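These notes concern the structure reproduced below.
Chains as they are written, first to last, in the working numbering: chain A, 396 to 726; chain B, 1180 to 1317.
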């Protein structure tokens, strides 16, 4: 595509950019200044103004490629900011929830059930969602040298925000009735969560739309990258991988209950049962086995997988069978 | 050299050029072309995402200034940018020397690779990386 003027080129580029008002304005000014230099150079070489503009815009590169590069960098930066801010919010909410359980105000707002129940339940869910966003937008780019699954990261950040908002509301409603330490932490949560919500909304607007790899694939890639950093971990990784492959070949049905990438539903059942047992392990250690409570924990973990598994990229989404094919799924 | 391969090295090359002093985008891409003997004839706009990325990482600082009657954004290295440039230069020379040893096998190429991969800076700050890229690609 050729452009008859610098303005046409800059307008086309601006239309493709998804980097926010300030970023767009700055890029447009820089690009226009550079193109003006190029046009001056071409005119000095004897071209007409129109031919010079055409030549200058051709030399500058396709606006689509340039915008894609700016958008990719900005999406990563936005996702990273959102993930960091959400992790801080989850940490604050976790502390606030812990304090709220120990020293409750005389008349909790809005009522006792919501004051005690909402934050405890939601902070755990927010922790999973924010952790997934952090893994995909901060840890994975750092370890792998490139962003992976930013679309999933922005979804996870949005979910964490939605889950944290009621916690922030409860925290804000109880600032006045508690001690100053608890009040300060609650005030922090009440202010930080809306700020993080703003960052998450920005990340969602700038995130790429294409379906990326599943979160489980990214975790596997990160583990491999980490293992290859030292010779002894590389050796350990080879041993574990070959042992796993050998076990899968010898007992495919049994191993399918552990393979989250190929058999997400079966593996989720195993993980849920393990979580139910692990969460009740302290009771088991003192000989107070509560089977219904353990079953309830396992059920909650499985429901969590049903509700959030697709959102957080823990299982293949409907219409995107590629990850399964890529690892040689048997069904 | 493929666009993907180029993109992987562009940040380091931009840092190397900026070790020579502050520059604006137009001057920077010109310096990149001149110092590589015309090898890096990139789309001129490709340098801006790299500059913005480096600025976001704190390796480069920028500000508007009047140059030749026109307002331009001028980029310069920060202290950590200078350290990063040296680090990348060292890494590239080690890598380049190793690749040269594998490709060349022995003789003149190997000797040149060893010289280029020396641990001390034995040439201009940017001449190393730029020359190194041309060597491997040719």
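Where is the CB? At the ideal position from N, CA and C, for every residue including glycine.
Note that the structure is a prediction, hence the values are computed from the model and not measured.
Please return the same chain residues whose Cβ sits closer than 6 Å to the Cβ of residue i, not counting the five positions on each side in sequence.
| i | result |
| --- | --- |
| residue 591 of chain A | 480, 481 and 484 |
| residue 414 of chain A | 465 and 469 |
| residue 557 of chain A | none |
| residue 503 of chain A | 510 |
| residue 1201 of chain B | 1253 and 1255 |
| residue 1187 of chain B | none |
| residue 489 of chain A | 518 |
| residue 1199 of chain B | none |
| residue 659 of chain A | 710 |
Check the Cβ of residue i against every Cβ in chain B and list those closer than 8 Å, keeping chain order.
| i | result |
| --- | --- |
| residue 472 of chain A | 1235 |
Compare the beta carbon distance of residue i and residue j with 8 Å and say whether it is the shorter of the two.
| i | j | result |
| --- | --- | --- |
| residue 508 of chain A | residue 584 of chain A | no |
| residue 1264 of chain B | residue 1194 of chain B | yes |
| residue 653 of chain A | residue 662 of chain A | yes |
| residue 551 of chain A | residue 521 of chain A | no |
| residue 565 of chain A | residue 533 of chain A | no |
| residue 429 of chain A | residue 1254 of chain B | no |
| residue 669 of chain A | residue 595 of chain A | no |
| residue 674 of chain A | residue 616 of chain A | no |
| residue 487 of chain A | residue 580 of chain A | yes |
| residue 628 of chain A | residue 620 of chain A | no |
| residue 1203 of chain B | residue 1235 of chain B | no |
| residue 609 of chain A | residue 708 of chain A | yes |
| residue 577 of chain A | residue 494 of chain A | yes |
| residue 455 of chain A | residue 1222 of chain B | yes |
| residue 423 of chain A | residue 409 of chain A | yes |
| residue 613 of chain A | residue 705 of chain A | no |
| residue 563 of chain A | residue 525 of chain A | no |
| residue 1239 of chain B | residue 1217 of chain B | no |
| residue 542 of chain A | residue 461 of chain A | no |
| residue 463 of chain A | residue 602 of chain A | no |
| residue 411 of chain A | residue 449 of chain A | no |
| residue 598 of chain A | residue 549 of chain A | yes |
| residue 426 of chain A | residue 405 of chain A | yes |
Is residue i near the ligand FAD, judged by its Cβ being under 7 Å from some heavy atom?
| i | result |
| --- | --- |
| residue 648 of chain A | For the structure depicted, the ligand FAD is absent and the ligand set is empty, with no information on it obtainable. |
On the three-state DSSP scale, how would you describe residue i?
| i | result |
| --- | --- |
| residue 543 of chain A | coil |
| residue 1236 of chain B | coil |
| residue 1243 of chain B | strand |
| residue 645 of chain A | helix |
| residue 518 of chain A | helix |
| residue 498 of chain A | coil |
| residue 710 of chain A | coil |
| residue 635 of chain A | helix |
| residue 1222 of chain B | coil |
| residue 692 of chain A | helix |
| residue 440 of chain A | coil |
| residue 1227 of chain B | helix |
| residue 1280 of chain B | helix |
| residue 435 of chain A | helix |
| residue 682 of chain A | coil |
| residue 1287 of chain B | Confidence at residue 1287 of chain B is low in this model, with a pLDDT of 48, below 50, so the placement of that residue should be treated as unreliable; the coordinate-derived value is given next. Helix, per DSSP. |
| residue 399 of chain A | coil |
| residue 589 of chain A | helix |
What residues from chain B crowd round residue i, counting only those whose CB sits closer than 7 Å?
| i | result |
| --- | --- |
| residue 428 of chain A | 1249, 1250 and 1251 |
| residue 468 of chain A | 1228, 1231 and 1232 |
Which chain A residues are close to residue i, counting only those with a beta carbon under 9 Å from its beta carbon?
| i | result |
| --- | --- |
| residue 1261 of chain B | Within 9 Å Cβ-Cβ: nothing; residue 1261 of chain B doesn't reach chain A, min ~22 Å. |
| residue 1227 of chain B | 422, 425, 426, 429, 461, 464 and 465 |
Which residues in the same chain as residue i place their Cβ atom closer than 8 Å to its Cβ, once the five residues preceding and following it in sequence are excluded?
| i | result |
| --- | --- |
| residue 697 of chain A | 663, 664 and 667 |
| residue 631 of chain A | 622 |
| residue 536 of chain A | 471, 475, 542 and 543 |
| residue 467 of chain A | 542 and 603 |
Check the Cβ of residue i against every Cβ in chain A and list those closer than 8 Å, keeping chain order.
| i | result |
| --- | --- |
| residue 1223 of chain B | 429, 433, 454, 455 and 456 |
Could you pull the DSSP bridge partners for residue i from this structure?
| i | result |
| --- | --- |
| residue 661 of chain A | Residue 661 of chain A is not bridged to any residue. |
| residue 364 of chain A | Outside the shown range of chain A (396 to 726) lies residue 364 of chain A, about which nothing can therefore be said. |
| residue 1255 of chain B | B:1240 |
| residue 1250 of chain B | B:1245 |
| residue 1203 of chain B | B:1253 |
If the cut is a Cβ gap below 7 Å, which residues of chain A does residue i touch?
| i | result |
| --- | --- |
| residue 1205 of chain B | 429 and 432 |
Within the same chain, show all residues whose beta-carbon is closer than 7 Å to that of residue i, passing over the 5 residues directly before and after it, in chain order.
| i | result |
| --- | --- |
| residue 582 of chain A | 570 |
| residue 605 of chain A | 546 |
| residue 672 of chain A | 689 |
| residue 626 of chain A | none |
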